[in-house]
Every structure is written in structure tokens, then in C-alpha cells.
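In our numbering, the protein residues as written are 11 to 311.
All C-beta atoms, glycine included, are put in the ideal place defined by N, C-alpha and C.
This structure is a prediction, so every number in the text was calculated from the model and none was measured.
Below is one structure; the comments refer to it alone.
Next comes the structure, spelled out in C-alpha cells:
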């Protein structure tokens, strides 16, 4: 029960279960306290979450790795990264060695604060702190998290280097990691690098999804290369990847930018046939293009 509550914001219910366990003579494990802490964290109640830790210690229970990781998670979620880092130092002083889960929490917090150099240094220090790479958490969480963080903040080259380095070490990067790198290059207008990453994805059996294709199409449209964007749209269809409203809105906006608003209008009229629903942004982009080209019908007087 309390494990399920730990996945929700029902923190009062989690606390009530802890009390009921005492009343019914059920021994409370550190995992139970950890689940209650995480529930409080989900509800945005840091102080209450930390009180659960104090309650456990008042009962004479020594903290273990489970409760310590829950504490680090709670502090990171509450944007108390410095406190989380100090807590990890304290863990080591009392003989509790951080594991991959601990470091993943810190790395997530560092990435969110744009402290990417510190995040990279943390991952490099992991093996020296008794936490050798783990093929599940270390590869699919840590590397992908760092690649996404670097890409998000305009460090596409560093993200690509880390991606290749991680694969050389035998870790598999998922399409979310690849898509992050592609998106970073597209934002900078570096479309050749973006296409190269897409080709690399195909060569490794990591088939691009609608997010990846949409990023490339938007990138080409932003720099006025509408023919390349059109080719990518056709490639999507050939690969059985259905474009969504984001894809079409990017492409229609690109058409309007290069003076092809009438074509954009025709695609808009075919939206129902092509199984997508335009948004207000889509209509606004096309109408703006038609007005600019003098093709927008005037209201009857």
C-alpha cells in the first residue's frame, strides 16, 4: 500500500499508513519511510518529507542506502542541489557509499541548473567512488540524461562526443538521446550535422521517430530550405512514420516563409484527409503568409 502511495501526491495517506503500521504491530522498514518521503516530495512538501527522515532516526534506526537515496531525490526535486551534495558527502563520512541511483539524482539536478561541466565530472568520478557502470541505470539513465542536458543547452558537439564515447564503452543510447542531439544541431542551423546523426541512427538500427523527423523538418524550414524539408516529409511517409501537427505546422510555416502560402493553404485543406488537426498556430501562420502575399480573401463589404 505505502509503495503505491509513494508514486502519488497522497502524502497524508502515506503518513497515516506509517502510523497504522505501529498500531497493528507491523515493523516499519526503511523502504516504508522512503516511500512516504517521496510522496511528500511529489506534493511539494520538502519540510514534511525531511520530518519523515527525522522520525525514522528518532526511532533509533540507522539510515541506509535506500533512505539516503530517497533523501537525495527529495532535495534535488526541491531544487536544493547544494544540500543534496552535502548530504552525499555526509553519507560517505558515515560509511554509506553512494550508488548509481545517488549519482543519477545529482546529475539530473546539475543538468537542470545548466552545470554541465560538473555533471560530466560527476560521471567521470563515479567509478572512483565505488560505483562502476551499471548497464541499466548507468547507461540508459545517466548517459541519456547528460546527452539530453548538453543538447538542450546548445552543446550539440559535446553531446555527440559523449554519445559516441558511451557507445564505445558498450552502452546503448536510445532514440531520445539521438533526437536530443539532432534537435540541438537543427536549432543552430547545422543541418548537415543533424542529417549525419540521423543517418547514424539508421545504421545502428535506431529508427528515427516523429520527434526526430519534426526537428529536422523544422530546421530546414527555418533556414529556407523547403525542398530538403519536403524530402524529409516524404521519407517519413516511406518509413511508416506519420507526421503530427507539429511536423505539419513547421512545414506549412516554412512554405509561407518562402512565398508558397497557396500550397500551405492546400495542405491545410487536406488536413482531415491526412489525419491531422491544425491548431490556432497553424491557421495563424498560413493566414499571415497569405496576407503577406496578397492572397488572403477580403471580407465582403
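- Look at residue 64 here: in three-state DSSP terms it is helix.
- With respect to the 8 Å criterion, residue 251 and residue 220 are classified as neighbours on the basis of their beta carbons.
- Taking 4 residues as the minimum length, the alpha helix (DSSP H) runs contained wholly in the region 43-99 are 56-68, 75-87, in order along the chain.
- When the beta-carbon positions are compared, residue 263 and residue 223 stay at least 8 Å from each other.
- Nearest Cα to residue 41 within the set 176, 71, 167, 235: 71.
- Excluding its 5 nearest sequence neighbours in each direction, residue 84 has C-beta neighbours in its own chain below 8 Å: 47, 48, 50, 51, 56, 59, 60, listed in chain order.
- Residue environment for residue 299: buried (at least 16 other C-beta atoms within 10 angstroms of its C-beta).
- Here residue 184 carries a coil assignment [DSSP, helix/strand/coil].
- Contact between residue 154 and residue 180 does not hold, since their C-beta atoms are separated by about 15 Å, which reaches or exceeds 8 Å.
- Here the C-alpha atom of residue 272 lies approximately 27 Å from the C-alpha atom of residue 197.
- Here residue 283 carries a coil assignment [DSSP, helix/strand/coil].
- It is roughly 20 Å from the alpha-carbon of residue 237 to the alpha-carbon of residue 284.
- Taking C-alpha positions only, residue 230 is separated from residue 212 by approximately 20 Å.
- When secondary structure is reduced to three states using DSSP, residue 216 falls in the coil class, being assigned neither helix nor strand.
- DSSP places residue 235 outside both helix and strand once states are collapsed to three, so it counts as coil.
- Taking C-alpha positions only, residue 168 is separated from residue 174 by approximately 10 Å.
- Between residue 241 and residue 199 the beta-carbon gap is near 18 Å, outside 8 Å, which marks them as no contact.
- With fewer than 16 neighbouring CB atoms inside 10 Å of its own CB, residue 64 falls in the exposed class.
- Around the C-beta of residue 176, 16 or more other C-beta atoms lie within 10 Å, and the residue is accordingly described as buried.
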